[in-house]
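K.L.:
Let me give you the structure first, and then I'll get to my questions.
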Amino acid sequence: MRLLLSRKISRKEFGRILPADDLAVLQRTARVVLATPIAGSGLPKGTRLLKAYGTSRSGPKRVIYLLAVAENDLFLLFYRDKNDPLGANATMKNPAFRTQLHRYLDLLQQDIQANAVDPIPLA
48 MRLLLSRKIS RKEFGRILPA DDLAVLQRTA RVVLATPIAG SGLPKGTRLL KAYGTSRSGP
108 KRVIYLLAVA ENDLFLLFYR DKNDPLGANA TMKNPAFRTQ LHRYLDLLQQ DIQANAVDPI
168 PLA
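Per the numbering used here: the sequence shown ends with 170, consecutive numbering throughout.
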């Protein structure tokens, strides 16, 4: 399994640099068996949304991944504080989440086409 990070999404979620503390949270939460599936429509074919729970020095986090099932690749979509409007209610019933999800899926697709996706080491 690979954990992949879109450069555009990375800038939106972390800024210019991925902090080491947040990298550690991503490495700990990038496990499909520990994640909770999120029902979703309008996702790319052969993918699933997964929600993981992590803790950083700044508090609890909600991490949303897109799993490409056949390739067994995880793409980071959201890395949010538990109390963030998207982190608190990461479901398709939340209009803010749904809108942001489709924006981020577009950004991810653009970065995949531009080969602007970087692997994150899992160990």
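For each residue, glycine too, the CB sits at the ideal point set by N, CA and C.
Everything numeric in this text was worked out from a predicted model, so none of it was measured.
(1) Report the partner residues of Ala77 according to the DSSP bridge assignment.
(2) For Glu60, verify whether its CB is less than 7 angstroms away from any heavy atom of the ligand COA.
(3) Distance, Cα to Cα, Ala67 vs Leu73?
(4) Under three-state DSSP, which class holds Val116?
(5) Can you give me the C-alpha to C-alpha distance between Val164 and Leu154, rounded to a whole angstrom?
(6) Going along the chain, which unbroken runs of the alpha helix (DSSP H) with 4 or more residues stay wholly within the segment 58-108?
(7) Among residues of its own chain, excluding the 5 on either side of Asp158, which ones have a beta-carbon nearer than 7 angstroms to its beta-carbon?
(8) So what's Pro166 in DSSP terms, helix, strand or just coil?
(9) Given a cut-off of 8 angstroms on the beta-carbon distance, is the pair Leu114 and Thr94 in contact?
(10) Could you give the C-beta distance for Ala71 and Ala99, rounded to a whole number, given that I count them as a contact under 8 angstroms?
(11) Can you tell me the Cα-Cα spacing of Arg63 and Leu123, whole angstroms?
(12) So is Ala117 buried or exposed if we call it buried at 16+ other beta carbons inside 10 Å?
P.N.:
Let's see:
(1) Position 30 of the sequence shown, counted from the first residue, corresponds to residue 77. Looking at the DSSP assignment, Ala77 forms no beta bridge with any residue, so it has no partner.
(2) As for the ligand COA, it is missing from this structure, which has no ligand bound.
(3) As a position in the sequence shown, residue 67 is number 20, starting the count at 1. As a position in the sequence shown, residue 73 is number 26, starting the count at 1. Rounded to the nearest angstrom, the two C-alpha atoms are 10 angstroms apart.
(4) The residue you call residue 116 lines up with position 69 of the sequence shown. Of the three classes helix, strand and coil, the one that applies to Val116 here is coil, per DSSP.
(5) Residue 164 sits at position 117 when you count from the first residue of the sequence shown. Residue 154 sits at position 107 when you count from the first residue of the sequence shown. Distance between the alpha carbons of Val164 and Leu154 is about 11 angstroms.
(6) 67-76
(7) Reading the sequence shown from its first residue, position 111 is the one you call residue 158. Ser53, Arg54, Lys55, Val164, listed in sequence order.
(8) As a position in the sequence shown, residue 166 is number 119, starting the count at 1. DSSP places Pro166 in strand when its eight states are reduced to three.
(9) Taking the first residue of the sequence shown as position 1, residue 114 is located at position 67. Taking the first residue of the sequence shown as position 1, residue 94 is located at position 47. Cβ distance < 8 angstroms, so Leu114 and Thr94 count as in contact.
(10) Position 24 of the sequence shown holds residue 71. Position 52 of the sequence shown holds residue 99. Not confirmed; about 13 angstroms, so no contact.
(11) As a working note, residue 63 is residue 16 in the sequence shown. As a working note, residue 123 is residue 76 in the sequence shown. In a straight line, the C-alpha of Arg63 is about 16 angstroms away from that of Leu123.
(12) Sequence index remark: in the sequence shown, residue 117 carries index 70 (1-based). With fewer than 16 other Cβ atoms within 10 Å, it is exposed.
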